[in-house]
Amino acid sequence: MVCANCEKKLGKVVTPDPWKAGARNTTEGGGRKVNENKALTATKNRYNPYSAGFNKCRICGQVVHQSGSHYCQGCSYKKGICSMCVRKTTVSRQPESFVMVNTVSIVSTIESGHQDIIHDAQMDQLGFRLATCSSDCSVRVYDVQTKEFVSELRGHEGPVWQLAWAPSVFGSILASCSYDQRVIVQEVGGKWNRLHESKVHDASVNSVCWGPSETGLILAAGSSDGSISLHKSTNGVWDVTRIKNAHNFGCNAVTWALHLSRKPPGVQRRFASGGNDNCVKIWSETSDGWREETKLEYHTDWVRDVAWAPFAGLPLNVIASCSQDKTVVIWTEDSGRSSGSWTSCTLPVFDDVLWHVSWSLMGQLLAVSGGDNKVSLWKEDMRGEWFEVSNPSAEKNKEVANRSPPAPAST
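Numbering (the UniProt record's numbering), first residue to last: 1 to 411.
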């Protein structure tokens, strides 16, 4: 059995679609007229996620049609897993290629009130608040729904580079890092309360990132002095651990692995970092402390940002990195291979240096921003090739992503 969506993709039109038929009646059996409203209602139910004929992928939650007692062969919906997740876990049957056109538009704008360049903007996990930071040494918070200014946070004595909201289970907690070598953690509860301030680094702190809620309240921070600090709160008491010489010439970005992602035996937590040594490094916490697990080498210039995909199918770990060399690399660790074996896939070369990469909530879309003042959205298709969603007609979308042999892994 094949669902309606796959019928169209495979060119097998079995049943008429009243939505496209417009205001005409449909027939059934020996020419008996069927009431148009009933036909439309039947079609609505066929596409209704809450009807009995639909199921959700137990991995990504995507609604997939089930026809009768057989699963759809076209989208390979088997054992409760949708086609995208089946493709990432096993070799599955794929439908023929099809064209997908997406539209990306600006929803709204907010007047920031900053007096200098804005370096970062971050929404909290629930999407209620937006925080921005600037070279004017301030952090400003806005209500997303009303677009109204909420408060201004002071405390840094230099440009504020990056912000990070803690997982919502811990409340409204915001971390910031600055050129003044400090990391500040603040909480809002009617008024902002400073929970933690640290100055363990000897140079600018460039990046902060909270670990997943399952690992406790823990923050990673990367600095131009080449070290990475871990700030952990236990019952309100903060403990700071420092990884010295993490990156030669400085660390620019840090990102945490999802708690449920595959980890080597004995590893409790993992995070990745990128630095001015042109490398992406994977760090693991064991009973003996933090150690360098893997070093990924591909970029030919400074790595500006790294982002661990929040979700990519259970057997996979996926990291995106962008660089001064105008490239974005997608790193993939397959649990089927030995630990530390990563493969790399590059997006088409961009026109300017790249500053940031960011994944969507389910890890299906990748946003890239750079020196050309543009934000582009990218997605992997059914063949494992990456195309630009935000500009479907661009010539670069026709280029096939370059796949390289497994990246060297060193410890």
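We put the CB at the ideal spot given by N, CA and C, even for glycine. Quantities reported herein were computed from a predicted structural model and do not represent experimental measurements.
The straight-line gap separating the alpha-carbon atoms of residue 325 and residue 355 is approximately 11 Å. Residues 141 and 192 of the same chain have their beta carbon placed closer than 7 Å to that of residue 151, with the five preceding and five following residues left out of the count. Rounded to whole angstroms, the gap between the alpha carbons of residue 240 and residue 196 is 11 Å. Rounded to the nearest whole angstrom, the C-alpha separation of residue 170 and residue 144 is 20 Å. A distance of 7 Å or more separates the beta carbons of residue 226 and residue 253. For the stretch 237-317, the full-length beta strand (DSSP E) segments reaching 3 residues or more read 237-243, 251-256, 269-275, 279-286, 289-297 and 303-308 along the chain. Straight through space, the alpha carbons of residue 370 and residue 276 are spaced by roughly 17 Å. Rounded to whole angstroms, the Cβ separation of residue 309 and residue 358 is 10 Å, and the two are not in contact under 8 Å.
Collapsing the DSSP output to three states places residue 327 in coil. Beta-bridge annotation (DSSP): residue 362 is not paired with any residue.
Residue 139 is a Cβ neighbour of residue 153, given a cutoff of 7 Å. Pairing residue 284 with residue 243, the inter-Cα distance amounts to about 12 Å. Assigned with DSSP and collapsed to three states, residue 387 falls in strand. With fewer than 16 other CB atoms across the displayed protein chains lying within 10 angstroms of its CB, residue 117 is exposed. Between residue 200 and residue 177, the CB-CB gap reaches or exceeds 7 Å. In the DSSP assignment, residue 322 forms a beta bridge with 305 and 328. The alpha-carbon separation between residue 194 and residue 270 amounts to approximately 27 Å. Residues 137 and 180 of the same chain have their beta carbon placed closer than 7 Å to that of residue 157, with the five preceding and five following residues left out of the count. Between residue 368 and residue 376, the CB-CB gap stays under 7 Å.
Nearest C-alpha to residue 318 among 287, 365, 286 and 302: 365.
When 113, 112, 233 and 147 are compared, the shortest CA-CA separation from residue 128 is found for 147.
For residue 150, the enclosing beta strand (DSSP E) begins and ends at 149-153.
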